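Residue numbers (the working numbering): 1 to 772. Data block below; observations after.
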């Protein structure tokens with residue numbers, strides 16, 4: 001209130017005290033005296049700050065060097081231009097990094113005038129700071145500390161990129177010298193040539209270190225090759241048997257050449273849930289009547305044309321447990337899976353398996369609830385069962401489409417087909433019909449009149465008569481194309497299943513079919529693959545010569561092997577039967593599939609069975625006349641089947657016959673020793689009372705003392721008074737003599753028991769899985 005009026009634009013302040021505020025609570029530090037030549041001391045003026053809004057335009061404020069002491073005061077001086085405020089000569093020390101250019105001044109001291117000291121009034125506004133100048137000063141300071149940036153600042157001890165690359169190439173060359181690239185099965189001589197060591201050294205090492213009795217021409221598996229190579233300082237690298245040839249590589253497809261293609265739909269579900277009946281209605285043909293037992297045992301591929309120029313390709317897969325591999329193969333080549341569930345049943349094991357196949361393949365699924373016309377149908381229960389397996393239908397807020405149908409009467413089948421076409425539109429299925437044909441083998445068979453036949457699903461390109469191809473271990477040329485009804489066709493585009501005639505041999509289901517340009521090169525590739533397959537078979541047949549195998553068999557106990565040769569009309573059932581039989585193996589009895597093939601049972605199969613001690617199982621095939629004569633002459637067991645369940649059950653019974661019977665103890669009775677009698681030339685006779693059951697003369701006896709068995713043996717005598725008897729019942733006294741044991745005491749108990757042999761069976765899971 002006692003302050004004089006402020007100037008209209010700026011005000012000057014002058015500190016009056018010669019001391020400065022204590023720093024960190026210390027004593028006041030004296031300020032340097034003002035020189036005598038400076039202006040006379042002015043009267044005290046309270047500290048005021050300039051108001052930026054009223055300040056005249058001025059240049060950037062000077063930035064003081066950070067080298068000056070923080071608490072050093074500057075003498076006041078006259079303003080350099082009119083109207084500019086003078087800088088105070090005192091005040092608190094500047095904080096490092098503070099952006100205040102002129103903080104409020106506090107005045108202290110004994111000579112402060114009235115109204116001096118800390119201002120209790122309204123806080124003054126801080127003056128603005130030129131940020132550009134501050135940043136420029138910071139950059140100059142940093143450059144002075146670090147020095148100018150440039151190439152001179154780089155480390156000279158770091159290797160260049162060229163040096164690093166050269167070092168890596170040198171390491172790769174050194175590593176390549178110690179690599180041995182081999183296939184799965186190579187002979188000892190071939191491995192010795194690859195490692196450039198004498199073959200005799202490998203033979204000696206295998207015998208001394210690995211316990212293998214090998215010859216120079218014997219084949220080795222990769223584990224043995226790896227051990228031998230590491231012992232000689234090499235690293236074995238496995239080469240793929242079916243290396244990707246350049247001709248089979250998939251070329252990049254031009255998006256402009258892609259056109260819409262029909263969807264490939266796989267029908268999946270449990271046995272007898274109506275999968276084939278659904279296809280019957282769609283195709284208007286009775287397929288079930290042609291299947292043994294009314295059960296699908298092959299993959300059926302059918303191309304169906306619908307109204308409106310719509311087409312769908314259906315794949316019908318077997319539903320029972322033995323055909324897991326065929327269902328998985330069907331899920332891998334399909335676009336949409338239709339899961340058929342019977343309304344009068346529940347979600348069964350193969351239904352769950354089909355759900356897993358569809359999820360693993362990343363294929364969308366449509367649920368078809370069949371048999372809704374039956375009085376026992378319970379559709380809500382089926383939907384609840386599906387929810388438990390994370391199959392959420394669209395009506396429950398999920399993404400899985402569904403349809404309620406009756407395959408026998410055709411109810412709801414049109415709605416199911418609409419759902420399939422809708423799902424295919426969502427997927428936007430396209431393929432390039434131009435270029436070389438490429439597809440997958442669904443089934444293969446040996447026709448007596450036509451030779452090898454294979455059902456191919458074309459996946460891209462167009463297949464034409466006369467094309468050269470490579471498929472698995474065989475090459476060939478397309479001599480004829482047939483559709484699913486046996487009608488000859490000239491070409492087959494994407495998503496079209498066809499039967500091909502022209503194979504040199506029967507391919508395996510799942511083999512990749514590819515059209516190639518050069519027939520000679522295709523034949524060379526096929527010959528190489530066949531050679532690798534023969535080497536693998538030779539190695540498997542020679543596997544029993546290993547001492548390691550003999551020692552392993554001794555450690556595991558006596559192992560009984562049932563060797564089997566499987567012949568079937570198609571490759572899929574042969575593979576399925578082999579897988580089902582392999583699941584019956586246990587730690588004591590094992591199934592060894594010596595050979596499986598396609599076609600009738602021949603004399604060579606009988607001779608192979610005789611040499612290997614195997615039985616021959618024919619599935620939908622029979623032995624020819626020469627094979628029957630050879631089987632009778634060589635006494636080889638040949639059995640034929642039309643339903644896979646019967647084959648699995650017979651083999652299961654045979655394996656159970658090979659199992660050692662289980663011994664089970666049956667306690668007949670027990671007697672208490674009351675008194676002992678010493679009889680010359682006989683030994684100790686125990687006078688006993690039969691407490692329970694019966695003591696039999698022919699049964700075994702166990703002496704129990706204080707709850708512990710002290711001896712187990714047979715009875716030497718059993719008498720009732722002086723008569724020898726066969727048995728003594730409960731409540732009667734008798735005399736008992738135990739063979740080779742006289743250390744009986746009163747109070748001992750003698751138990752009579754028998755050991756019964758019970759026929760053992762295989763694990764119930766194996767039989768139930770085969771029947772499911």
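Glycine included, each C-beta is placed from N, C-alpha and C at the ideal position. No experiment lies behind these values; they were computed from the predicted model shown.
{"Asked": "CA-to-CA distance, residue 666 to residue 755, given in whole angstroms", "Found": "6 Å"}
{"Asked": "CB of residue 737 within 7 Å of CB of residue 717, strictly", "Found": "yes"}
{"Asked": "Unbroken stretches of the alpha helix (DSSP H), 4 residues or longer, contained in the segment 557-638", "Found": "571-582, 603-612, 625-634"}
{"Asked": "First and last residue of the uninterrupted alpha helix (DSSP H) at residue 380", "Found": "379-388"}
{"Asked": "For residue 232 and residue 782, the rounded distance between their alpha carbons", "Found": "This structure does not reach residue 782, given that the chain is present from 1 up to 772, and the question cannot be answered."}
{"Asked": "Identity of the residue in 391, 564, 568, 467 nearest residue 506 by Cα", "Found": "568"}
{"Asked": "Contact set for residue 348: own chain, Cβ-Cβ below 6 Å, skip 5 residues either direction", "Found": "270"}
{"Asked": "Cβ separation of residue 499 and residue 464, assumed to be a contact under 8 Å, to the nearest whole Å", "Found": "Incorrect: roughly 15 Å between the Cβ atoms, too far for contact."}
{"Asked": "Whole-angstrom distance between residue 342 and residue 272, CA atom to CA atom", "Found": "8 Å"}
{"Asked": "Segments assigned beta strand (DSSP E), at least 3 residues, entirely inside the segment 700-763", "Found": "700-705, 708-720, 727-729, 733-738, 749-758"}
{"Asked": "Pairwise C-alpha distance: residue 215 and residue 473", "Found": "28 Å"}
{"Asked": "Helix, strand or coil at residue 429 according to DSSP, with G and I counted as helix", "Found": "coil"}
{"Asked": "DSSP beta-bridge partners of residue 669", "Found": "693, 752"}
{"Asked": "Proximity of residue 358 and residue 337 at Cβ, strictly below 7 Å", "Found": "yes"}
{"Asked": "Reduced DSSP secondary structure (H/G/I, E/B, other) of residue 78", "Found": "Any reading at residue 78 needs caution, since the residue's pLDDT is 42, under 50, leaving its predicted position unreliable; the model's value is listed next. Three-state DSSP puts residue 78 in coil, outside helix and strand."}
{"Asked": "Backbone CA spacing between residue 431 and residue 265 [nearest angstrom]", "Found": "16 Å"}
{"Asked": "Residue 178 to residue 196 span [Cα, whole Å]", "Found": "11 Å"}
{"Asked": "Cβ-based neighbour list, residue 458, same chain, cut-off 8 Å, excluding 5 preceding and 5 following", "Found": "437, 438, 439, 492, 493, 494, 495, 496, 497, 498"}
{"Asked": "Contact set for residue 373: own chain, Cβ-Cβ below 8 Å, skip 5 residues either direction", "Found": "406, 408, 409, 411"}
{"Asked": "Alpha-carbon spacing of residue 192 relative to residue 529, whole angstroms", "Found": "23 Å"}
{"Asked": "The segment 441-452 contacting the segment 568-578, beta-carbon criterion three pairs below 8 Å", "Found": "yes"}
{"Asked": "Burial state of residue 746 (16 or more Cβ within 10 Å)", "Found": "exposed"}
{"Asked": "Per-residue DSSP class, three states only, for residue 365", "Found": "strand"}
{"Asked": "CB of residue 643 within 7 Å of CB of residue 627, strictly", "Found": "no"}
{"Asked": "Residue closest to residue 602, alpha-carbon to alpha-carbon, out of 685, 624, 698", "Found": "624"}
{"Asked": "Residues sharing a beta bridge with residue 503, DSSP", "Found": "476"}
{"Asked": "Complete runs of the beta strand (DSSP E) confined to the segment 436-470 [at least 3 residues]", "Found": "438-447, 451-460"}
{"Asked": "Alpha-carbon spacing of residue 676 relative to residue 668, whole angstroms", "Found": "23 Å"}
{"Asked": "Local conformation of residue 178 per DSSP, three classes", "Found": "coil"}
{"Asked": "Endpoints, alpha helix (DSSP H) assigned at residue 277", "Found": "275-283"}
{"Asked": "For residue 263 and residue 421, the rounded distance between their alpha carbons", "Found": "8 Å"}
{"Asked": "CB of residue 377 within 7 Å of CB of residue 371, strictly", "Found": "yes"}
{"Asked": "Nearest-angstrom Cα separation, counted from residue 565 out to residue 618", "Found": "8 Å"}
{"Asked": "DSSP three-state assignment for residue 217, whether helix, strand or coil", "Found": "coil"}
{"Asked": "Burial state of residue 303 (16 or more Cβ within 10 Å)", "Found": "buried"}
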